[in-house]
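Enquirer:
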Amino acid sequence: MEENLANIKFSSGYTPETIPERDLCWLAGLLEGEGCFSCKSNKVYIILQMSDLDTVQRVADLLEVKLHAPIKKKNPKHKTGYRIQVNGDVAARWMVVLKPKMGIRRQKAIDESFSVWYKLKGKGAPKHRKATLCPHTD
0 MEENLANIKF
10 SSGYTPETIP
20 ERDLCWLAGL
30 LEGEGCFSCK
40 SNKVYIILQM
50 SDLDTVQRVA
60 DLLEVKLHAP
70 IKKKNPKHKT
80 GYRIQVNGDV
90 AARWMVVLKP
100 KMGIRRQKAI
110 DESFSVWYKL
120 KGKGAPKHRK
130 ATLCPHTD
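Numbering (numbering that gives the first Met the number 0), first residue to last: 0 to 137.
The following block contains the structure:
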């Protein structure tokens, strides 16, 4: 079964700015529950790890990133896991677009990621952050 799912392609060709609203809302909902937004080693990250291969593959295709599979199980009772990771400027662009769709906790995680990222980069927030971090609020 997993071999068949691995061949499913949802390749989108979308950018954070051109993704259809339906797909953006689906992605935001998934990342709200299963995603991680963070900053380490001078890069911001979006990470998704879960056991549903078809779902992780769809996200990998939407974000145009590599699917890391399978994830080594620490416990033999656990299901096989699959992971995607987006980092750097690409992750930052997705975070800007996703943030208005996220709940308070995830919005805070995105803000904290940007705050740490700018400190690690040794400069203030770039102009695009000030202009578009919360485009649907005010």
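Idealized CB from N, CA, C, for every residue including glycine.
Predicted model, so just to flag it, every value in this text is computed and none were measured.
(1) Under the rule that 16 or more other beta-carbon atoms within 10 Å means buried, what is P19, buried or exposed?
(2) Cutting at 8 Å between CB atoms, please list the residues of its own chain near K42, excluding the five before and the five after it.
(3) Quick check: the Cα distance between T54 and I45, rounded to an integer number of angstroms?
(4) Tell me which same chain residues have a C-beta within less than 8 Å of the C-beta of D51, skipping the five on either side of it?
(5) Please list the terminal residues of the continuous beta strand (DSSP E) segment that includes L47.
(6) Quick check on the burial criterion: 16 or more other C-beta atoms within 10 angstroms. Buried or exposed for E16?
(7) Could you pull the DSSP bridge partners for N86 from this structure?
Expert: Once the coordinates are examined:
(1) Residue 19 sits at position 20 when you count from the first residue of the sequence shown. By the neighbour-count rule (16 or more Cβ atoms within 10 Å), P19 is not buried but exposed.
(2) Numbered from its first residue, the sequence shown carries residue 42 at position 43. Cβ within range, chain order: N86, G87, A90 and W116.
(3) Counting from one through the sequence shown, the residue named residue 54 turns up at place 55. Counting from one through the sequence shown, the residue named residue 45 turns up at place 46. Between T54 and I45, the C-alpha separation is close to 15 Å.
(4) The count along the sequence shown starts at 1 and reaches residue 51 at position 52. If we look at D51 and ignore the five residues flanking it on each side, its Cβ neighbours are Y81.
(5) Taking the sequence shown and counting its residues from 1, the one referred to as residue 47 is at position 48. Element bounds for L47: K42 to M49.
(6) Residue 16 sits at position 17 when you count from the first residue of the sequence shown. It counts as exposed.
(7) Looking up residue 86 in the sequence shown gives position 87. Paired residue(s): Y44.
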